[in-house]
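Numbering (my numbering), first residue to last: 135 to 751.
From the three backbone atoms N, C-alpha and C, an ideal C-beta is built for every residue, glycine too.
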């Protein structure tokens, strides 16, 4: 027999690495194929974690795995197969003959203990394993085989809930079909992780029921579908693409469906022949252009059809859950994405998940924009109607973006609003170049075209100098955002300064904040000689005492929907001076006024969409 360098074979074969999910699935599948009906998976978590986190008993690092079953065990015949790479005795089950090599990839030590009817078989499985390494003792006992993996190579935080539920998803169809064939399996998981998940969890073949079963055909290939349902709080809809009754890939249809969880296992001879040797991927051509005689169905075509068939099964089996979820999504889309014609994006199936619709729409828009830009660059004729529609769609997206920003701010607790507005107007690590990061329009729409000072190197340097000066002279670090516009000679000519004052300050601190804002403006005007006008906004709570004091010092009321907003004119700089217009307002007023302004755009947008839809119909 030709020799094989097993260490090199493993290193080359499992390039992508092996996970706990992979090795447990492999071992449990082998147990089932060996006739096991009682299978136990023990997950042993490290005690070191409990020492590191003395306040908690939770252990998160998986230290060892053992799989126990009552199958036929390591008979002489099975041992001979175990010593051979790429065995063929499980070809009819879809076996590749290399799955056990994943044990060696995942763990430094793999021990096997198999109690047969009158013999105990024990050995350590290593890359240098030989049949002569097996110990045989004439001992009788209950039939049981234990494979234990220790000194695991993957030392990562393991979430036991995700691991166990994923394994149950992988194995559900196999356990269900084996029960239908007379092999009733109970798969039990034990763990000592201390994590918030049952210490003992069971998957019982006799308990697994399908909501519906049906088949569909593409070309001459038959695909069988089995619909399973998990009760809340489980949620989502996922298709499990199975080869030889074992899940190889997951195709998520909806993550947000929250009435329950639907899992649709799809199996076919087409999948059986296309599982890669590691059982991690189906080797299927992506597009119709890539298909051939051996693989006549593309992944794109297949997933589209699976999506349709799965939705049809759920709609036939449920009691209006999907329709209710779908209608809720439609209402959400009408509110936040009124410019999207949802009927053009794939019918009922596409309406299942609002996120998917938005992704699809954005992809469509990007392709259209790219096509138009490419045509213009190459001097080709373009439809100016198409250009106009793209421009109006982009404006609509921006208006909706504004609505989302305002809504998120409005939902903030009052004690967090100041910080949230600060981050919304100019997020950290942003220079304000991106229109969807620079939200200066929250203060006033007339500043929509202004840029952050951090987008200009010279102004950014000046701001840094002023900040250092203010901190040195006033013993405080300025908490301001600054924006500017340019004149015809590309020089800064107007400044906007926004100062944030944390809530809870008294009258003296609030007045000090106003003085500091004016001093800050003075320093900037002195250093930026081309500035001709400054707008300053102090975001601060206004109680009765502070309001009365500002009115006595010349501040005037400005119209606002509910809260007090006051205004006064000053002069910044020396000589003739530069007009400084100062507004003082609480965060709540800024949010409400911005919402009112944007509401006008939203109403126009909805009116336009309704008119377009009427014209289209």
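Outcome for residue i when other beta-carbon atoms lying within 10 angstroms are tallied against a minimum of 16
i: residue 433; result: buried
i: residue 513; result: exposed
i: residue 177; result: buried
i: residue 566; result: In this predicted model, residue 566 has a pLDDT of only 47, less than 50, meaning its place in the structure is not dependable; the value taken from the coordinates is given anyway. So residue 566 counts as buried.
i: residue 689; result: buried
i: residue 650; result: buried
i: residue 712; result: buried
i: residue 285; result: exposed
i: residue 368; result: exposed
i: residue 397; result: buried
i: residue 273; result: exposed
i: residue 197; result: buried
i: residue 202; result: buried
i: residue 738; result: exposed
i: residue 622; result: exposed
i: residue 635; result: buried
i: residue 615; result: buried
Residue i in three-state terms, based on DSSP
i: residue 87; result: Outside the shown range of the chain (135 to 751) lies residue 87, about which nothing can therefore be said.
i: residue 458; result: helix
i: residue 512; result: coil
i: residue 270; result: strand
i: residue 289; result: coil
i: residue 359; result: strand
i: residue 387; result: strand
i: residue 662; result: coil
i: residue 377; result: strand
i: residue 446; result: helix
i: residue 216; result: helix
i: residue 317; result: coil
i: residue 242; result: strand
i: residue 339; result: helix
i: residue 224; result: Because residue 224 carries a pLDDT of 43, less than 50, the predicted location of this residue cannot be relied on, and the following value inherits that uncertainty. Three-state DSSP puts residue 224 in coil, outside helix and strand.
i: residue 732; result: helix
i: residue 542; result: helix
i: residue 584; result: coil
i: residue 370; result: strand
i: residue 284; result: strand
i: residue 694; result: coil
i: residue 602; result: helix
i: residue 635; result: coil
i: residue 507; result: helix
Range of the contiguous beta strand (DSSP E) that encloses residue i
i: residue 619; result: 614-620
i: residue 699; result: Taken as a continuous stretch (DSSP letters only), residue 699 belongs to no beta strand (DSSP E), as it is neither H nor E.
i: residue 177; result: 172-179
i: residue 193; result: Note, residue 193: premise wrong, no beta strand (DSSP E); not H, not E.
i: residue 668; result: 667-673
i: residue 349; result: 346-352
i: residue 258; result: 254-259
Bounding residues of the alpha helix (DSSP H) (the contiguous stretch that carries residue i)
i: residue 304; result: 294-314
i: residue 166; result: 154-167
i: residue 208; result: Neither: residue 208 is in no alpha helix (DSSP H) and is coded neither H nor E.
i: residue 332; result: It is not in any alpha helix (DSSP H) - residue 332 carries neither H nor E in the DSSP assignment.
i: residue 406; result: 403-406
i: residue 716; result: From DSSP, residue 716 is part of no alpha helix (DSSP H) but of the beta strand (DSSP E) over 712-719.
i: residue 685; result: 678-686
Residues near residue i by beta carbon distance below 7 Å, same chain, minus five either side
i: residue 291; result: 194 and 195
i: residue 443; result: 350 and 359
i: residue 440; result: 373, 385 and 400
i: residue 449; result: 456
i: residue 301; result: 155, 158 and 159
i: residue 392; result: 369
i: residue 731; result: 579
Neighbourhood of residue i by C-beta distance below 8 Å, restricted to the same chain and skipping five residues each side
i: residue 116; result: Past the boundaries of the shown model lies residue 116; the chain is included only from 135 to 751, so the question cannot be answered.
i: residue 163; result: 233, 305, 308 and 380
Residues near residue i by beta carbon distance below 6 Å, same chain, minus five either side
i: residue 699; result: 692, 719 and 723
i: residue 697; result: 720, 722 and 723
i: residue 376; result: 307, 399 and 401
i: residue 546; result: 554
heavy atom of the ligand FMN below 6 Å from residue i C-beta
i: residue 604; result: The model on display carries no ligand, and the ligand FMN is accordingly not part of it.
Any C-beta of chain D under 7 Å from that of residue i
i: residue 267; result: The structure shown contains no chain D; it holds only a single protein chain.
Contact the segment 661-671 vs the segment 704-716: 3+ CB pairs below 8 Å: yes
Validate contact between the segment 348-355 and the segment 380-392 using beta carbons, cut 8 Å, 3 pairs: no
Segment contact, 8 Å Cβ cut-off, at least three pairs: the segment 635-642 with the segment 587-606: no
Contact the segment 324-333 vs the segment 290-308: 3+ CB pairs below 8 Å: By the C-beta criterion, the segment 324-333 is judged to be in contact with the segment 290-308, since at least 3 inter-stretch pairs fall below 8 Å.
Stretch pair the segment 157-175 + the segment 313-325: three plus CB contacts closer than 8 Å: yes
Three CB pairs or more closer than 8 Å across the segment 334-345 and the segment 414-428: no
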